[in-house]
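Here's the structure we're looking at; comments come further down.
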Amino acid sequence: MNVLLIGSGGREHALALGLSRSPLLGRLYAAPGNPGIAELAECLPVDPADHAAVIAACRARGVDFVVVGPEAPLVAGLVDDLEAAGIAAFGPTRAAARLEGSKGFTKDLCARHGIPTAAYGRFSDRAAAEAYVRRQGAPIVVKADGLAAGKGVTVAMTVEAALAAVADCFAGAFGAAGAEVVVEAFLEGEEASFFALSDGETVLPLASAQDHKRAFDGDQGPNTGGMGAYSPAPVMTAAMTERVMAEIVRPTVAAMAEAGCPFKGVLFAGLMITAEGPKLIEYNVRFGDPETEVLMLRLEDDPLRLFRASRDGTLGGMACRWSEAAALTVVMATRGYPGHYGKGSEIRGLDRAAALPGVTVFHAGTRRGDGRLLADGGRVLAVSAVGATVEEARDRAYAAVDAIDWPEGFCRRDIGHRALKR
Ligand code: AMP
Ligand code: GLY
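FYI, this note's numbering numbers position 36 of the sequence shown as 36, with every residue one higher than the one before it.
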């Protein structure tokens with residue numbers, strides 16, 4: 001099978017590594033890919049937002065199957081357009097991708113089907129949203145309805161902060177994504193990322209991970225796309241996993257099928273494990289980043305076979321094996337991230353780091369220039385390791401971080417702290 005992987009981040013580098021080991025794989029292409037992916041695949045200078053160009057590239061190279069990494073092309077209907085052109089693709093259709101593309105859509109679906117999530121209101125009118133915030137009081141959470149590159153959520157500790165977030169949304173701070181606003185109750189507990197694979201009907205639990213969303217040690221500083229992760233997440237015991245499948249994931253997949261937009265692909269449930277049990281914070285309709293980096297290091301099955309079964313509707317009877325080992329990843333980001341940061345600083349020592357025991361270094365935002373490796377984004381590397389325990393995986397990952405020579409970069413030093421405190 002010739003496969004085209006869409007995307008250019010650490011998640012896609014990890015997916016490329018998994019796909020490259022598949023006995024089913026013919027040639028692996030990536031669009032646009034990155035320097036790490038280029039060691040495993042042929043990178044094509046094709047913009048994933050240009051669906052006609054993606055289809056033309058597939059036809060020119062004899063691509064049989066497209067794996068879409070990021071959410072934006074899914075929400076924009078890339079899978080619909082590929083399938084309409086006769087090219088099989090892994091991931092949800094545009095209608096099914098509304099589970100991530102519209103927070104209001106998901107909240108309404110949860111309400112209709114009794115799926116546990118925070119109480120909420122949906123508003124397209126500023127005054128009504130403000131009145132709701134005042135009635136509910138703080139803490140309270142304000143969210144732009146649509147995709148806002150991870151920036152549309154304000155966890156407000158005061159009514160004033162919540163009102164400011166409402167004003168920002170309606171003033172266009174998040175563009176069209178903020179034309180509608182969801183205001184919801186603040187949930188208390190421990191967060192976990194849970195992944196499941198669906199073929200529209202059958203759902204296979206994958207694995208859990210815990211992300212670290214704040215920029216700095218001790219969960220301080222601004223929210224980011226994720227500064228590190230480990231898998232498995234100890235809070236997701238076998239019993240908790242079964243509850244999440246029974247109360248949240250399976251009812252969602254059944255509801256989507258019933259609504260005429262069956263969900264195929266990876267369903268990523270962002271969960272809060274509260275005193276009353278698991279509650280859904282949000283869905284994503286793709287793998288997480290940096291969660292995928294740790295999942296791919298623990299997966300003992302062929303991801304290509306699983307992804308193809310998701311697309312073909314043949315997941316029934318399949319299972320998925322995971323290594324007992326722990327995996328942990330530390331994100332190295334450019335100083336200034338998630339605010340303003342420069343590009344083009346040189347990174348040295350990657351080969352030395354990657355040669356350490358159990359270590360894999362994924363590229364998240366790099367490019368090559370004059371034969372050198374340069375930083376080309378906010379999150380730049382996902383320095384990852386496996387180990388018998390979270391502690392061993394952590395020590396190996398940080399040994400690799402310390403072998404990398406990149407003065408313009410920074411990372412958190414406490415990835416895994418929750419698991420290590422248990
Ligand atoms: P999201 O962009 O939806 O992943 O939200 C970013 C972060 O905001 C989440 O990872 C949570 O830490 C936090 N968050 C979102 N919704 C809630 C909620 N209802 N209660 C508490 N924290 C929340
Ligand atoms: N790490 C969180 C996400 O991928 O959305």
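Think of the CB as a built atom: it goes at the ideal place given N, C-alpha and C, for glycine as much as any other residue.
Below 8 Å CB to CB, which residues in the same chain sit around residue i once its five sequence neighbours on both sides are set aside?
i       : result
Ala-176 : Gly-146
Leu-420 : Val-390, Glu-391, Arg-394
Ala-229 : Ser-193, Ala-209, Gln-210, Asp-211, His-212, Gly-288, Pro-290, Glu-291, Glu-293, Val-294, Leu-328, Thr-329, Ile-415
Arg-422 : Pro-234
To the nearest angstrom, how far is it from the Cα of residue i to the Cα of residue j?
i       : j       : result
Ala-16  : Glu-408 : 27 Å
Gly-218 : Arg-135 : 32 Å
Leu-19  : Leu-25  : 7 Å
Phe-90  : Val-66  : 6 Å
Thr-154 : Val-182 : 11 Å
Val-3   : Gly-62  : 9 Å
Ala-309 : Val-68  : 15 Å
Arg-305 : Ala-53  : 26 Å
Leu-187 : Ala-149 : 22 Å
Ile-273 : Arg-250 : 18 Å
Glu-100 : Ile-248 : 15 Å
Phe-174 : Pro-23  : 43 Å
Pro-35  : Thr-334 : 17 Å
Ala-162 : Lys-213 : 20 Å
Arg-98  : Phe-105 : 7 Å
Asn-223 : Val-75  : 23 Å
Arg-352 : Val-359 : 10 Å
Gly-172 : Asp-125 : 13 Å
Ala-129 : Ile-140 : 12 Å
Gly-225 : Gly-378 : 10 Å
Met-245 : Ala-119 : 21 Å
Ser-323 : Leu-206 : 12 Å
Tyr-29  : Glu-42  : 5 Å
Ala-38  : Gly-189 : 40 Å
Val-380 : Met-236 : 29 Å
Phe-170 : Glu-160 : 16 Å
To which residues of the same chain is residue i closer than 6 Å at the C-beta, ignoring the five residues directly before and after it?
i       : result
Gly-288 : Ser-193, Phe-268
Trp-406 : Ile-347
Gly-316 : Thr-202
Thr-158 : Ala-138
Ala-354 : Val-361
Ala-382 : Gly-10, Pro-290, Glu-293, Thr-329, Val-331, Phe-362, Ala-364
Ala-400 : Ala-353, Leu-356, Val-359, Val-383
Asp-376 : Lys-343, Gly-365, Thr-366, Arg-367
Under the criterion of a Cβ to heavy atom distance below 7 Å, does residue i qualify as lining the ligand AMP?
i       : result
Leu-147 : no
Ala-185 : yes
Gly-270 : yes
Asp-223 : Residue 223 is actually Asn in this sequence, not Asp. Within the cutoff, so yes.
Arg-191 : Here the sequence assigns Glu to residue 191, which means Arg is not the residue at that position. Yes, the Cβ of Glu-191 comes within 7 Å of a heavy atom of the ligand AMP.
Val-203 : no
Ala-41  : no
Val-155 : yes
Val-266 : no
Val-141 : yes
Ala-118 : yes
Ile-281 : yes
Going by the C-beta, is residue i closer than 7 Å to any heavy atom of the ligand GLY?
i       : result
Phe-289 : What sits at residue 289 in the sequence shown is Asp, not Phe. Under cutoff, so the answer is yes.
Gly-172 : no
Asp-211 : yes
Asn-284 : yes
Gly-101 : no
Gly-226 : yes
With a CB to CB cut of under 7 Å and the five nearest residues on each side skipped, what residues in its chain are close to residue i?
i       : result
His-51  : Leu-78, Asp-81
Met-256 : Ala-96, Pro-262, Phe-263
Ala-254 : none
Thr-423 : Examination of residue 423 is not possible in this model, given that the chain is present from 1 through 422 alone.
Gly-387 : Ala-325, Ala-326, Gly-358, Ala-393, Arg-396
Leu-40  : Ala-16, Leu-17, Ser-20, Leu-28
Just grab the DSSP bridge partners of residue i for me.
i       : result
Ile-347 : Leu-373
Asn-223 : Arg-214
Met-332 : Leu-381
Trp-322 : Leu-299
Glu-190 : Ile-273
Leu-4   : Tyr-29, Val-66
Glu-408 : Paired residue(s): none; Glu-408 is not in a bridge.
Asp-414 : For Asp-414, which the question treats as bridged, DSSP gives no partner whatsoever.
Cys-43  : Ala-30
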